[in-house]
Amino acid sequence: MEKKIVFSGVQPSGALTIGNYIGALRNFTELQDEYDCNYCVVDMHAITIPQVPKNLRKNTLDVLAMYMASGIDPDKSTLFIQSHVPAHAELSWVLNTITYMGQLNRMTQFKEKSKKSDENLNAGLFTYPVLMAADILLYQADFVPVGEDQKQHLELSRDLAERFNSRYSDTFTVPEPLIKEFGARIMSLQDPVAKMSKSDSDTNAYILLQDSKDQIARKIKRAVTDCIGSVNYTDEQPGIKNLINIHSVLSGMSVDEIIKLYSGKGYGVFKSELAEVVIDALDPIQTRYQQYLDNKDFLEKVYSEGANKAESKARKTLRKVYKKIGFVPRG
Ligand code: AMP
Ligand code: TRP
Numbered sequence: 002m003e004k005k006i007v008f009s010g011v012q013p014s015g016a017l018t019i020g021n022y023i024g025a026l027r028n029f030t031e032l033q034d035e036y037d038c039n040y041c042v043v044d045m046h047a048i049t050i051p052q053v054p055k056n057l058r059k060n061t062l063d064v065l066a067m068y069m070a071s072g073i074d075p076d077k078s079t080l081f082i083q084s085h086v087p088a089h090a091e092l093s094w095v096l097n098t099i100t101y102m103g104q105l106n107r108m109t110q111f112k113e114k115s116k117k118s119d120e121n122l123n124a125g126l127f128t129y130p131v132l133m134a135a136d137i138l139l140y141q142a143d144f145v146p147v148g149e150d151q152k153q154h155l156e157l158s159r160d161l162a163e164r165f166n167s168r169y170s171d172t173f174t175v176p177e178p179l180i181k182e183f184g185a186r187i188m189s190l191q192d193p194v195a196k197m198s199k200s201d202s203d204t205n206a207y208i209l210l211q212d213s214k215d216q217i218a219r220k221i222k223r224a225v226t227d228c229i230g231s232v233n234y235t236d237e238q239p240g241i242k243n244l245i246n247i248h249s250v251l252s253g254m255s256v257d258e259i260i261k262l263y264s265g266k267g268y269g270v271f272k273s274e275l276a277e278v279v280i281d282a283l284d285p286i287q288t289r290y291q292q293y294l295d296n297k298d299f300l301e302k303v304y305s306e307g308a309n310k311a312e313s314k315a316r317k318t319l320r321k322v323y324k325k326i327g328f329v330p331r332g
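Each residue of the sequence shown is one higher than the one before, counting from 2 in my numbering.
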């Protein structure tokens, strides 16, 4: 029986946070044996926000190394860099022509990002979800593991697949999001009603996968909580709730077990033990990450072989699409 197909991507727009790990990378690893997985470093998405070229190059290799450090095996999954496979840009153009402006206007991520950067309201930021649909549909993905924030973009991908299929006959698999009930939205440590984001201007708002033990402990200690003073899992205590979520995902303990463990103890104890949990979970990842980064030849081998594998899958879909819309084959 053919394996079902998985696709997902992470932007190299900065160092990755534990939000990226918990909401995305960790889940990618779990899927490798059962599915035909394709994991991409989406550098073409990252340039919708201005990037310093030197940093973009570094961050792209960092994300690739982090993918493998968190357990993705390039012999099992196709691991590649988006700009190495031109079919992404090509399909994106075609999909642009069947996307309504109104649909893109409703994208909450665009609305939020455009509020932040009115000097750079570029067209790429607006059509970004179309490129994302192209990424997914090129590989005929059945499932797309992502964090909660990508749900709306996934709905657009499904919609475009269905629209194309009904206009030109069955061509694309309609993809389904895989969003974990737990950990799909890790919140900022400084503002627990906002998403933890690697582009936050306050470095205390996030924990990076590459943060030192001291940095991790300090950031957790400074995390915003409340004045209620007991470790409970409720929406009135969004800071503590977020910390419990992080604890639970990384320690494997249930929310109830955690609440019981810290009942009658103060936030100080909870925070210092949580710091231990995070440090222990990240330690092996950081060691492997450094090993991959120190081995540039191996990284290059991974992304060039990955691009070859991805390219042949993507071309197959693009050829079909071009034929259906009436482009004359080059022969
Ligand atoms: P990005 O950093 O925007 O490229 O996101 C890469 C992946 O990480 C996507 O699947 C996101 O949904 C996920 N992600 C990013 N931030 C968070 C967060 N704070 N909590 C959970 N998942 C996240
Ligand atoms: N838009 C996603 C994010 O910001 C990244 C992404 C690009 C992606 N293409 C994708 C995720 C395809 C899943 C599938 O997190």
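We put the beta carbon where it would ideally sit given N, CA and C, even for glycine.
Identified DSSP bridge partners for residue i
i	result
SER9	TYR40
LEU179	PRO146
LEU209	THR18
ILE82	VAL42
LYS196	MET188
Distance CB(residue i)-CB(residue j) smaller than 9 Å
i	j	result
GLN153	VAL145	no
ILE326	TYR169	yes
ILE247	ILE187	yes
VAL42	VAL64	yes
LEU294	ASN21	no
GLY24	ASN60	no
TYR140	LYS314	yes
ILE50	LYS114	yes
GLY10	GLN83	yes
TYR129	GLN110	yes
ASP201	TYR207	yes
VAL232	TYR290	no
THR30	GLY72	yes
VAL131	LEU157	yes
THR174	ALA142	yes
SER189	LYS222	no
LYS1	PHE81	In this structure the chain extends from 2 to 332, so residue 1 is not present and cannot be described.
PRO176	ALA185	no
Heavy atom of the ligand FAD within 8 Å of residue i beta-carbon
i	result
ILE48	The ligand FAD is absent from the structure shown, which contains only the ligand AMP and the ligand TRP.
CA nearest to the CA of residue i, picked from the options
i	options	result
GLU138	PHE165, ARG27, VAL147	Before going on, a small fix: residue 138 reads as Leu here, not Glu. Checked all of PHE165, ARG27, VAL147; the closest Cα to LEU138 is PHE165.
ARG220	LEU62, ILE280, LEU294	The residue you asked about is not Arg; residue 220 is Lys in the sequence shown. Answer by Cα proximity: ILE280.
SER78	HIS89, VAL95, CYS38	CYS38
MET45	THR30, SER313, VAL86, ARG320	VAL86
LYS276	LYS321, PHE299, SER252, LYS261	Reading off the sequence shown, one finds Ala at residue 276, where the question assumed Lys. For the residues LYS321, PHE299, SER252, LYS261, the minimum Cα distance to ALA276 belongs to SER252.
ASP76	GLU156, GLY307, ALA70, THR235	GLY307
SER264	GLN292, GLN287, TYR234	TYR234
ARG27	ARG58, ASN56, LYS4, ALA70	ALA70
LYS317	HIS89, GLY103, GLU237	HIS89
ALA282	ALA124, MET197, VAL250	VAL250
ASN97	ALA224, MET254, PHE127, ASP212	PHE127
LYS297	THR30, PRO178, ARG58	ARG58
SER198	PRO13, LYS4, LYS5	PRO13
ASP212	ASP160, PRO285, VAL329, MET254	PRO285
MET254	VAL278, GLU182, LYS266	VAL278
ASP34	ASP74, GLN52, VAL225, PRO330	ASP74
VAL256	TYR40, PHE183, LEU32	PHE183
ASP160	ASN106, GLU120, ILE99	ILE99
GLN287	VAL329, ILE217, ASP236	ILE217
Using the beta-carbon of each residue, find all residues closer than 6 Å to any heavy atom of the ligand TRP and list them in chain order.
Residues with a Cβ closer than 6 Å to any heavy atom of the ligand TRP, in chain order: PHE8, SER9, GLY10, GLN12, VAL43, HIS46, MET133, ASP136, ILE137, VAL145, VAL147, GLN151, HIS154.
Quick one: any contact between the region 51-68 and the region 293-304, if contact means 3 or more CB pairs under 8 Å?
Contact annotation: the region 51-68 touches the region 293-304, with at least three C-beta pairs closer than 8 Å.
So does the region 129-137 actually touch the region 89-108, counting three or more Cβ pairs closer than 8 Å?
A contact exists between the region 129-137 and the region 89-108.
Segment contact, 8 Å Cβ cut-off, at least three pairs: the region 187-199 with the region 239-256:
With a cut-off of 8 Å, the region 239-256 and the region 187-199 count as touching, because enough Cβ pairs lie within range.
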